[in-house]
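2 protein chains.
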Amino acid sequence: MTDGTTGLPEAADRSSEIAEAIVGAIVEQRLAPGTRLGEDDLGTTFGVSRTIVRAALRMLARDQIVTMRPHRGATVASPTVTEARQVFHARRVVEAALIRDAAKSCKPADVRALRGHIAAEGEALARGDRSAAIRLSGDFHMRIAQLSRQDVLTGFLRELISRSALVIALYGTTRASSCGTQEHEALLEAIARHDADTAVALMTAHLEHVEHDLDLARGKGTSLDLATALVGRRS
Amino acid sequence: MTDGTTGLPEAADRSSEIAEAIVGAIVEQRLAPGTRLGEDDLGTTFGVSRTIVRAALRMLARDQIVTMRPHRGATVASPTVTEARQVFHARRVVEAALIRDAAKSCKPADVRALRGHIAAEGEALARGDRSAAIRLSGDFHMRIAQLSRQDVLTGFLRELISRSALVIALYGTTRASSCGTQEHEALLEAIARHDADTAVALMTAHLEHVEHDLDLARGKGTSLDLATALVGRRS
DNA sequence: CCTGTAGAGATCGTATACAATCTCTGCCCC
DNA sequence: GGGGCAGAGATTGTATACGATCTCTACAGG
């Protein structure tokens, strides 16, 4: 059940694998909202038939990460402003609960691992690797969630983080598009002290900061080339 | 966005329709956990090919309502005791947030509609229609959620309610398997008074009651439950 | 120059075919 | 009599075929 390495993507079969690849491309901002996801294109890109691609797309559609319209194909979802607000509202609710449990049960080894993670975040930011920075930032939230041992809520968070990436791609300002590392550090320190109330307050504030840094008035609909965007993800 | 009639099942296409039908059967306890869901059987039942059935099953698998194992087909999921607890934990988190928002924004017309709904619940209980009672009980929670106008969290709740039905089917005691109507009434009154704090407290207590009425003491770990062994052939 | 429409091409929706894998029955051997 | 093995039957995984629907371009009319 748990994947010891990163804890993130378990790909049971080929279509789940493709779904994960698409999610990864979205999280790393290589696939912009509104990008058309043609079934034949994806099939040739991944070397499978449309049957597999459709299964992957259907799963992503269930998670609201892609939009499927009858006879018109699938596109990367473009959350509206309302949806964007609801996604962050949901994150505050879910992550507040998760970090409360995480603060109770986290161990020194967990804290050490997370410190390393934050260091990697800072490194990515320092060398201007925007894709890695965004992915690592999301991973940090997922790692916190996994400390809680609440797999159901953690599963919800996974979906919310993917959708957050879409929101940030659409409404993010250039500077603040990834969480500040110092806020993550503060979060971690509160957890390390088992100070649940502070951790919850910090998380709520953190998510509010990210949301407030969004510009909920414009939209950019530019698309990236599909095949190049999906080339060689994974590490 | 909102479906005026019941607000529940929008079936975009054939496979979503079939997925909804399966969920409905699970919620009404006509499909027990562990039941085998053969693709050909479902296909002939619904008059479609396996292609459609597989799409439906894959969506349900994404929601953890069915389990798909490679080359072994799909079965109705059998939540473990741990999963059962996590589902109810998640419901407390999600529904507390939802009912808080619902209490703030609900209107007299909403209250009236919900009173009618509770009456229907009582009626179903009175005539011993267990299936209808369970379905209506879940619908009540969904209706409350919809008042909050938080579609993302409401979507999570939909999944949680389906999984709760599985939990109740597996671990439910005979007597208390559906929510008491008077607790729903108290919930509604608090909402009608816009008393958010009371509504949250009542909802939390309500969900704790339902969970405590389960028999979650047996099998603590990885052991399989009796019901599964009886229904799905497992040796 | 703009707007509306017809046809060709592209894309989606579903069914079906075939190979790979699993399950179950019956038989052999101990 | 019990346990293990082999083959037949059943079921799943994937690809492909074909009809239905949409999109885009070219052209006629205003």
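One line per chain: the protein sequences are A and B, in this order. Under the working numbering, the letters of the first sequence match residues 1 to 235, in that order. Under the working numbering, the letters of the second sequence match residues 1 to 235, in that order. Yeah, the Cβ is synthetic: ideal placement off N, Cα and C, and Gly gets one too. As the structure is a prediction and not an experimental result, all values here were calculated from the model.
With 8 Å as the threshold, decide whether the Cβ of residue i is near any Cβ in chain B.
i: Arg62(A); result: yes
i: Gln86(A); result: yes
i: Gln150(A); result: yes
i: Leu153(A); result: yes
i: Ala103(A); result: no
i: Ala97(A); result: yes
Got a sec: is the Cβ-Cβ distance from residue i to anything in chain A below 8 Å?
i: Ala201(B); result: no
i: His89(B); result: yes
i: Met59(B); result: yes
i: Asp13(B); result: yes
i: Leu216(B); result: no
i: Pro70(B); result: yes
i: Val94(B); result: yes
i: Leu224(B); result: The pLDDT assigned to Leu224(B) is 46, lower than 50, so where the model puts this residue is not dependable; a value taken from the coordinates is nonetheless given after this. Not one chain A Cβ lies under 8 Å of Leu224(B).
i: Gly221(B); result: Its pLDDT being 39, under 50, Gly221(B) is placed unreliably in this model, and the value from its coordinates should be taken loosely. No, because no Cβ of chain A sits closer than 8 Å to the Cβ of Gly221(B).
Which of the three DSSP states is assigned to residue i in this structure?
i: Leu214(B); result: strand
i: Val76(B); result: strand
i: Thr67(B); result: strand
i: Gly172(A); result: strand
i: Arg62(B); result: helix
i: Arg263(A); result: Because chain A here runs from 1 to 235, residue 263(A) falls outside it and cannot be looked at.
i: Leu136(A); result: helix
i: Ser15(B); result: helix
Check the C-beta distance from residue i over to residue j and give it rounded, since I have them as a contact under 8 Å.
i: Thr67(A); j: Thr75(A); result: 5 Å
i: Arg85(B); j: Leu216(B); result: 7 Å
i: Leu153(B); j: His141(B); result: 12 Å between Cβ atoms; not a contact.
i: Ala77(A); j: Pro33(A); result: 6 Å
i: Gln29(B); j: Asp101(B); result: Contact flag wrong, Cβ pair sits at about 30 Å.
i: Thr35(A); j: Leu125(A); result: Not really, about 26 Å apart at Cβ, beyond 8 Å.
i: Ala96(B); j: Met203(B); result: 6 Å
Is it buried or exposed, residue i, if we count other Cβ atoms within 10 angstroms and call 16 or more buried?
i: Arg130(B); result: exposed
i: Ser49(B); result: exposed
i: Arg193(B); result: exposed
i: Ala90(B); result: buried
i: Pro79(A); result: buried
i: Asp197(A); result: exposed
i: Ala113(B); result: exposed
i: His206(B); result: buried
i: Glu211(A); result: buried
i: Gly116(A); result: exposed
**Proximal residues, the region 155-174 of chain A versus chain B, C-beta separation under 9 Å** = Gly155, Phe156, Glu159, Leu160, Arg163
**Request:** Taking only beta carbons into account, state which residues of the region 28-55 of chain A come closer than 8 Å to chain B, listed in chain order.
**Result:** Thr51, Arg54, Ala55
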